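Down below is the structure, laid out as structure tokens.
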Amino acid sequence: MNEGPQCFVRLHYEGFAGATGNPVGLFDIEATGTDVAKDRIVQIALKKYDGIGGPVIGTCEALVNPGRPMTEEVIAIHGITDEMVKDAPRFGDVSATIFDFVNGCDLGGFNHTNFDIPLLWEEFYRCGIEWSLAGVLVFDAGNIFKKKEERSLSA
Numbered sequence: 000m001n002e003g004p005q006c007f008v009r010l011h012y013e014g015f016a017g018a019t020g021n022p023v024g025l026f027d028i029e030a031t032g033t034d035v036a037k038d039r040i041v042q043i044a045l046k047k048y049d050g051i052g053g054p055v056i057g058t059c060e061a062l063v064n065p066g067r068p069m070t071e072e073v074i075a076i077h078g079i080t081d082e083m084v085k086d087a088p089r090f091g092d093v094s095a096t097i098f099d100f101v102n103g104c105d106l107g108g109f110n111h112t113n114f115d116i117p118l119l120w121e122e123f124y125r126c127g128i129e130w131s132l133a134g135v136l137v138f139d140a141g142n143i144f145k146k147k148e149e150r151s152l153s154a
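If you count by numbering that gives the first Met the number 0, then the sequence shown holds residues 0 to 154, one letter each, in order.
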């Protein structure tokens, strides 16, 4: 048996009564690269809150076997190796659990509109899961940072 990190999914639900009417899901993804159409998730961590500023009502964490080797460049960025994910489930094996966890949540994180949400959507799509983002509010700290701390030649 592999003594390294294992995939685990922990779910805990309680009532939702947040200010927006939706729970808030904050999450982060590590992947095999940055191409949302071609690359695969190797780790996902989510935390669900009972609305903005509400208590944590669930966590979900998983290492995922991407089904392909990772480059040394990618491994240097996130520190997750092929050995660490070799016995982890494929995304399709945990997709329903992750979908049930995140579906219906407003979403927050860093660089979500450009990477995390599109990659997660693609992974669900490949599994035959339709994830509608209609009515979902997205808080992207990366976009806010870029607007507040503009990086240009005029700065």
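Even for Gly, the Cβ is constructed at its ideal location relative to N, Cα and C. Just so you know, these numbers come straight off a predicted model, no measurement behind them.
Ala30: not part of any alpha helix (DSSP H); member of the beta strand (DSSP E) spanning Val23 to Ala30, first to last residue. Listed in chain order, the beta strand (DSSP E) runs fully inside the segment 44–126 are 55–62 and 105–108, counting runs of at least 3 residues.
The segment 96–116 and the segment 21–34 touch, with no fewer than 3 CB-CB distances between them shorter than 8 Å. Around the beta carbon of Ala95, fewer than 16 other beta carbons lie within 10 angstroms, which makes this residue exposed. The C-beta distance from Lys46 to Val55 rounds to 6 Å, short enough to fall under 8 Å. Taking a contact as a CB-CB distance under 8 Å, the pair Ile43 and Val63 counts as one, their CB atoms being some 7 Å apart. In this structure, the straight-line span from the alpha carbon of Glu122 to that of Met69 is close to 17 Å. Contact between Cys126 and Phe90 holds: CB atoms are separated by about 7 Å, below the 8 Å threshold.
Note that the C-beta distance between Ile40 and Pro65 is below 8 Å. Around Ala30, the same chain offers Asp38, Arg39, Ile40, Val41 and Leu118 as residues with beta carbons nearer than 7 Å, after the five sequence neighbours per side are excluded.
Counting the other Cβ atoms within 10 Å of the Cβ of Ala61 gives 16 or more, which makes it buried. Residues of the same chain with a CB within less than 7 Å of the CB of Val135, apart from the 5 flanking positions on each side, are Asp105 and Leu106 in chain order.
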